[in-house]
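Number of protein chains: 2
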Amino acid sequence: MADKENKKKVEAITSMDVDFAQWYTDVVKKAELIDYTSVKGCMVIKPAGYAIWELIQSQLDARFKATGVENVYLPMFIPESLLQKEKDHVEGFAPEVAWVTHGGLNPLQERLCVRPTSETLFCDFYKNDIQSYRDLPKVYNQWCSVVRWEKETRPFLRSREFLWQEGHTAHASAEDAEARTIQMLNVYADFCEEVLAMPVIKGRKTDKEKFAGAEATYTIEALMHDGKALQSGTSHNFGDGFAKAFGIQFTDKDNTLKYVHQTSWGMTTRLIGAIIMVHGDDNGLVLPPLVAPTQVMIIPIAQKKEGVLEKAEELKQRLGRVCRVKVDDSDKSPGWKFSEQEMRGIPLRVEIGPKDIEANKCIICRRDNGEKVEVSLNQLEATVEQLLVQVQKDMFERAKAHREANTSVAMNLEELEQILETRPGFVKAMWCGDQTCEDSIKEKYAATSRCMPFEQEQISDTCVCCGKPAKKMVYWGRAY
Amino acid sequence: MADKENKKKVEAITSMDVDFAQWYTDVVKKAELIDYTSVKGCMVIKPAGYAIWELIQSQLDARFKATGVENVYLPMFIPESLLQKEKDHVEGFAPEVAWVTHGGLNPLQERLCVRPTSETLFCDFYKNDIQSYRDLPKVYNQWCSVVRWEKETRPFLRSREFLWQEGHTAHASAEDAEARTIQMLNVYADFCEEVLAMPVIKGRKTDKEKFAGAEATYTIEALMHDGKALQSGTSHNFGDGFAKAFGIQFTDKDNTLKYVHQTSWGMTTRLIGAIIMVHGDDNGLVLPPLVAPTQVMIIPIAQKKEGVLEKAEELKQRLGRVCRVKVDDSDKSPGWKFSEQEMRGIPLRVEIGPKDIEANKCIICRRDNGEKVEVSLNQLEATVEQLLVQVQKDMFERAKAHREANTSVAMNLEELEQILETRPGFVKAMWCGDQTCEDSIKEKYAATSRCMPFEQEQISDTCVCCGKPAKKMVYWGRAY
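Protein chains in written order, with my numbering: chain A, 1063 to 1542; chain B, 1063 to 1542.
Pasting the structure below:
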């Protein structure tokens, strides 16, 4: 039984270079992050997956609170009439919501949709909660699940129900709203780079790609290992559009009635998909230490020999003061245990056997690059702490180098076509600002404008598509 | 404007003795715990309310994890056919679920209900996830929201959507399942008593009151200030009933196929209602320090005088190392600020003015009993730490004394009737074990059997209702 189980677990997964999509599916299953369910398009997030989400949540939430965010909880249902109040918004979401039509045994008087996002509910709430400039700003956030009836689904990346946070704020002025929109985008970018070890491009979405109902949408875009982009977080400035649709007014200091200015911003369990696709390799998941539920796995060698398990337990006690650590004392062979620890992406492995104990040392092996070091047990805690910091840093640098190696520049349509057909990754190219060119590139090459980055470069003077004078440099790419 | 707002906030609330239900509604609104919404029967949990829930969540979750619980997330939808697999369960829940019939623009092939509880989903998941005795036990929990289409709703106590945790476990033997059921009931009881300062009776529900599909339901019952009971947490042992309905089998050590034994256990945002009704008074909310988002409010006196606000800020910095503390430096009068701090239930108030500063002292006032002490600023941190412990302890003792003063004993039907008509609280009385007697008491006096307590007493030999030989002592009472 044990052997059969082990074999299943460490069975070779599809190589990323052979079939990246299949590799991804293999990893989410074999690292035991998710399971499929009887509910089409919905998934079970298993303990190994959910523990990553808990680490994302707690660290992101602390960053939110440091900027004055307060958490709340609003209903999961939206009455149809409420969803319809803002024209662009309802057009964007109505085709993909789930409708509740019966409560208990009775039909409802009005259909309710399961929230795909909660702008309309927050507006309905703010309408009564905000009276005076003294009530502003409101900087609220909620952690919840939302539902979007997607046709094609993939674990973490696109599912009919997913977990996220959605921040919704209201401000006295357009300037305050814009400042908060950018502030939260920066929180997202710093979180991705510092915690997920994932470099991102910050920029603004084109009008074609912006959120339904937003005046401006800002985004952080990351590059996956296969050269496709992943939108990893968005922050929207709504101006006073929703406020006018819902009648959210306040009495300002000058005693006149004004509309509030609003923002919203969200990040989702899709980030777990990003972690997999940025850092993973042919042996499975590779977790950045800051989001690794287990940071160090101690694997005893010849564990039946006297004193080995006791020593492993002693090291666990010592390391428990500086990191999240476990001992694998199951009756599997060390080889199987190594494969499992690798598949699960645990950043460091400590190997300890009778000879090591005799020599007062152990072996530490890094998951990210396979490097092994021999360490005196006297230096154990210090070395592990230092290695965890180093792994986190190296993973970021490696991902950044990968992105840079996979970012091209196109001066004209010929170059753009040649790059998109032969090289994965981002393409930087100039754009005239006309949606016709954007549509044309999307139609021809299945590539979309990812963003107009904050860090603009003057690559050329003319639009890559039509040759007219260029207004903006845009990152283009195929995306998840 | 400021005056109008303040007035609204500290306006006298209805006295508890005049109208307890109205007092409750006033408190949840004026302490800004909730707001009503356009979605009938659903509420907004505002920052002051949600912050209490976050403190409940983090402390309860830590206690779960200490017993080996792992968190997961399952879909919010249940296909109708899945809900129907266990007969008693579907009968219990089908009349009160919300049904999703359309996804996007298309009708669904099969209706989905929004989970009222997730036994059926966990069973469907465990069916594939459990193969061998090595996979057991599974001790999973999820934090989520659930929906029950209630007709009458009240904030926190009964709403169509509420937040909770639901633990679902699977075990190799009946003994293991029973042990886990009791273990989690004890976690709940300890949490209520130690963290919420709320004494509870632990016991078993009668068959009439048990959970739909359970073999045994255990409960903790608390007594509210008005003498009504509140079921505060339940833990169910399902035996192998669900396992047989869903086909959840494992290969045991002896190489035979066996059914697993399952449990589930849950606690909800209803606990916030319990905190309000156990500890609150005519000045508003009274929060136990361990679930108070702000534990100490510093209120400067004559704050426009030189050095006062600076001193208040300095004290906040110092106290920030030992507790959750804020300064109220708004432009309201100290009197208004006192009322607000009291309404919000903040356990301690520190008053500091020019004369105090000169004398190197401050006043600390306890929310729970109004006691004021003068404290040397040299002793500030130590005194606050000690007072927070004392308040937590005293609140528990006071609630326990209240429960004891409101627990009666009835030897026969006449006494039971007299007590239920004249005195609020629990009534202890013997029961023959026959549901007819239970039905009869419920029908005549609107009182239900709360539980058969673990701590049995032999009050008499005969059933309080029918006079036949008694089997169990039962706590009876009217309940929320």
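Yeah, the Cβ is synthetic: ideal placement off N, Cα and C, and Gly gets one too.
Exercise for the section: Measure the alpha-carbon distance for B:Asp1191 versus B:Phe1304 and round it to whole angstroms. Expected result: In this structure, the straight-line span from the alpha carbon of B:Asp1191 to that of B:Phe1304 is close to 15 Å.
Problem - Residues of the region 1129-1151 of chain A whose Cβ lies closer than 7 Å to any Cβ of chain B, in chain order - result: So the close ones are Glu1132, Asn1133, Val1134, Tyr1135, Leu1136, Pro1137, Met1138, Phe1139, Pro1141 and Leu1144.
Exercise for the section: Drop a sphere of 10 angstroms on the beta-carbon of B:Thr1269, count the other beta-carbons inside from all chains shown, and report buried for 16 or more, exposed for fewer. Expected result: Note on residue identity: the sequence assigns Asp, not Thr, to residue 1269 of chain B. By the beta-carbon neighbour count (other beta carbons within 10 angstroms, threshold 16), B:Asp1269 is exposed.
Handout entry: Check whether A:Arg1198 and A:Gly1335 have beta carbons under 8 Å apart
Key = Per the sequence presented here, residue 1198 of chain A reads as Leu, with Arg not at that position. No, the Cβ-Cβ distance between A:Leu1198 and A:Gly1335 is not below 8 Å.
Problem - Continuous alpha helix (DSSP H) assignments of at least 4 residues falling wholly in the region 1407-1433 of chain A - result: Uninterrupted alpha helix (DSSP H) stretches at least 4 residues long and entirely within the region 1407-1433 of chain A occur at 1416-1420, given in chain order.
Problem - Simplified DSSP state of B:Met1457, which is helix, strand or coil - result: If DSSP states are grouped into helix, strand and coil, B:Met1457 belongs with the helices.
Problem - Per DSSP, the bridge partner or partners of A:Trp1161 - result: DSSP, once it has assigned bridges, lists A:Cys1175 and B:His1164 as partnering A:Trp1161.
Exercise for the section: Have a look at A:Thr1356 and A:Ile1096 and give me their C-alpha separation to the nearest angstrom. Expected result: Taking the straight line from one Cα to the other gives about 17 Å.
Handout entry: Cβ neighbours of B:Leu1371 in the same chain (closer than 7 Å, five flanking residues each side left out)
Key = Result list for B:Leu1371: Pro1362, Gln1365 and Asp1391, in chain order.
Problem - Minimum C-alpha distance to B:Cys1494 - residue among B:Glu1519, B:Glu1459 and B:Met1535 - result: The residue with the shortest Cα to Cα distance from B:Cys1494 is B:Met1535.
Exercise for the section: Would you mind stating whether A:Ile1337 and A:Val1090 have Cβ atoms separated by less than 8 Å? Expected result: No; because the gap between Cβ atoms is not below 8 Å, this pair is not in contact.
Handout entry: Start-to-end residues for the beta strand (DSSP E) that takes in B:Trp1538
Key = B:Trp1538 -> beta strand (DSSP E) spans Lys1534 to Gly1539.
Handout entry: CB contact below 8 Å: A:Thr1268 versus chain B
Key = Interface annotation, A:Thr1268: not in contact with chain B, CB-CB separation never under 8 Å.
Practice task
Please classify A:Asn1422: is it buried, with 16 or more other beta-carbons within 10 angstroms of its beta-carbon, or exposed?
Solution key: By the neighbour-count rule (16 or more Cβ atoms within 10 Å), A:Asn1422 is not buried but exposed.
Exercise for the section: Check whether the region 1141-1155 of chain B touches the region 1169-1178 of chain B, counting contact only when three or more Cβ pairs, one atom from each stretch, lie closer than 8 Å. Expected result: These segments touch.
Problem - Which residues DSSP lists as bridging A:Phe1400, in chain order - result: The secondary-structure analysis by DSSP pairs A:Phe1400 with nothing; it has no beta-bridge partner.
Problem - Cβ shell of B:Ser1235 (< 8 Å), same chain only, five flanking positions each side left out - result: A distance below 8 Å between beta-carbons, with the five flanking residues on each side excluded, links B:Ser1235 to the following residues of its chain, in chain order: His1323.
Problem - Residue-level contact to chain A via CB, B:Ile1107, 8 Å cutoff - result: Output row for B:Ile1107: interface = yes.
Problem - 8 Å contact criterion, which B:Cys1513 and B:Lys1267 should meet: CB distance rounded - result: That belief holds up - the Cβ atoms of B:Cys1513 and B:Lys1267 are roughly 6 Å apart, short of 8 Å.
Exercise for the section: Determine the DSSP secondary structure at B:Glu1436, reduced to helix, strand or coil. Expected result: Strand at B:Glu1436.
Practice task
Could you work out which residues of chain B lie near A:Leu1225, taking near to mean beta carbons separated by less than 8 Å?
Solution key: What A:Leu1225 touches in chain B: Tyr1135.
Problem - Strand pairing of B:Asn1203, partner residues [DSSP] - result: The beta-bridge partner set that DSSP reports for B:Asn1203 consists of B:Asn1133 and B:Gly1229.
Practice task
Taking only beta-carbon positions, decide if A:Ile1310 is within less than 8 Å of chain B.
Solution key: For A:Ile1310, the answer is no, since every Cβ of chain B falls outside 8 Å of its Cβ.
Handout entry: CB contact flag (B:Ala1541, B:Ala1291, <8 Å)
Key = For B:Ala1541 and B:Ala1291, yes; Cβs fall inside 8 Å.
Practice task
Could you please give me the residues that DSSP links to A:Arg1220 through a beta bridge?
Solution key: In the DSSP assignment, A:Arg1220 forms a beta bridge with A:Arg1216.
Problem - From A:Lys1108, A:Ala1491, A:Gln1293 and A:Glu1277, residue whose alpha carbon lies closest to that of A:Glu1283 - result: If you compare the alpha carbons of A:Lys1108, A:Ala1491, A:Gln1293 and A:Glu1277 with that of A:Glu1283, the shortest gap goes to A:Gln1293.
Practice task
Give me the Cα-Cα distance between B:Lys1149 and B:Gly1328, rounded to the nearest whole angstrom.
Solution key: Cα to Cα, B:Lys1149 sits roughly 21 Å from B:Gly1328.
Exercise for the section: For A:Tyr1086, go through chain B and note every residue whose CB falls closer than 8 Å to its CB, in chain order. Expected result: Result: empty, since nearest Cβ-Cβ is about 20 Å, beyond 8 Å.
Problem - Cβ shell of A:Met1457 (< 8 Å), same chain only, five flanking positions each side left out - result: Taken in chain order, the residues that qualify are Ala1259, His1341, Val1348, Pro1350 and Asp1430.
Exercise for the section: Taking B:Gly1335 as part of the alpha helix (DSSP H), name the residues at either end of that continuous run. Expected result: Run containing B:Gly1335: Arg1332 to His1341, per the alpha helix (DSSP H) assignment.
Problem - Beta-carbon gap between A:Leu1475 and A:Cys1424 smaller than 8 Å - result: With contacts defined by Cβ atoms closer than 8 Å, A:Leu1475 and A:Cys1424 do not form a contacting pair.
Problem - Pick from B:Lys1388, B:Glu1181, B:Glu1413 and B:Val1106 that is closest to B:Ala1276, judged by C-alpha positions - result: B:Ala1276 has its Cα closest to that of B:Glu1181, out of B:Lys1388, B:Glu1181, B:Glu1413 and B:Val1106.
Exercise for the section: Measure from the C-beta of A:Gly1529 to each C-beta in chain B and report whether the shortest distance is under 8 Å. Expected result: A:Gly1529 does not count as touching chain B.
Exercise for the section: Output yes if chain A places a C-beta closer than 8 Å to the C-beta of B:Asp1390; else output no. Expected result: Judged by the 8 Å Cβ criterion, B:Asp1390 is not in contact with chain A.
Problem - Identity of the residues DSSP links to A:Phe1312 by a beta bridge - result: A:Lys1320.
Exercise for the section: Report yes or no: is there a C-beta of chain B within less than 8 Å of the C-beta of A:Glu1214? Expected result: Not an interface residue.
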